[in-house]
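Heads up: the sequence shown is residues 214 to 434, going by the working numbering.
Written out below as structure tokens is the structure these notes cover.
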Amino acid sequence: MELPLGKTAGWKLFVDGKEVAAQAVELLSRFGLLRWGFNGAYDTWGFEEPGGGGSVLVPYFIDEHGMLWIGVVRQPRPFQSETPVLNLPRGFMEPGETHFQTGTREGSEEVGVNGKERVFLLDGEGGNPNSTFFITVGKNEDGTSKGVRFYGVRFTADEVEASDGLTYTFREGVVTAVTLDAEKIMGTVFVPWTDVAQLGCLMSNAGVARLLAMKDLGELE
């Protein structure tokens, strides 16, 4: 049913059994701020993460033929699939962190990367996962645009080894063992970039696109 011009859906919001004005509601959590009726412009909810979004890592190496391989982790994503999936490592920002600090922390926790020298910012605006429901308008305190940041994580061909003819894994000693039980990370595997571009995870698709853009411009080592 279509609403008359200028009318909203008129739905009501109740908190602890009491009706409250939709435009006045803001719910804080560790992950961000949930708002109803953002700025009064939309009759819907909007979610704003710290910094406008977390950080996504794109581990990669380029083989002797110039082919780009992307490192993905296998882990449960129950909202996406009933079975564990492959996706790029990523995470929310912690209070007081910059996007880069979040990226290096997640690299250590989910991939086992030690040090910051491998990690570099990929070009592009801060990403918005779904502009109907996620808020990334405005600037952060450091002047950067809000939104998800993507970081390349550089490896070389001699740091990986073929595992089954179709994928690569890290050679012993390149990264440390991942023991983050809460995330249930099942290890990192390198697959062709074309495989990652077709995963069901849009964050992974976007990370590959940004890495390819830098490779096409000759800015990727």
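Ideal Cβ positions, reconstructed from N, Cα and C, are used throughout, including at glycine.
As a beta-bridge residue in DSSP terms, Ile275 pairs with Leu281. If you check the CB distance, His312 and Ser344 do not come in under 9 Å.
The beta carbon of Gly284 sits closer than 6 Å to those of Pro272, Thr401, Phe403, all from its chain and outside the five residues before and after it, given in chain order.
Contact fails between the stretch 325–337 and the stretch 280–294, because fewer than three Cβ pairs, one in each stretch, are under 8 Å apart. A straight line joining the alpha-carbon of Leu270 with that of Pro302 spans about 6 Å. Within the DSSP bridge table, the entry for Val391 names no partner. If you ignore the 5 residues before and after Gly420, its C-beta comes within less than 6 Å of the C-beta of Val269, Val271, Leu301, Phe363, all in its own chain and listed in chain order. For Ala419, the enclosing alpha helix (DSSP H) begins and ends at 415–429.
The C-alpha of Phe274 is placed about 23 Å away from the C-alpha of Val361.
The criterion of a C-beta distance shorter than 9 Å is satisfied by Gly265 and Lys359. For Thr369, the three-state secondary structure derived from DSSP is coil. Ranked by Cα distance from Val388, the options Val350, Gly351, Val373, Gly325 are led by Gly325.
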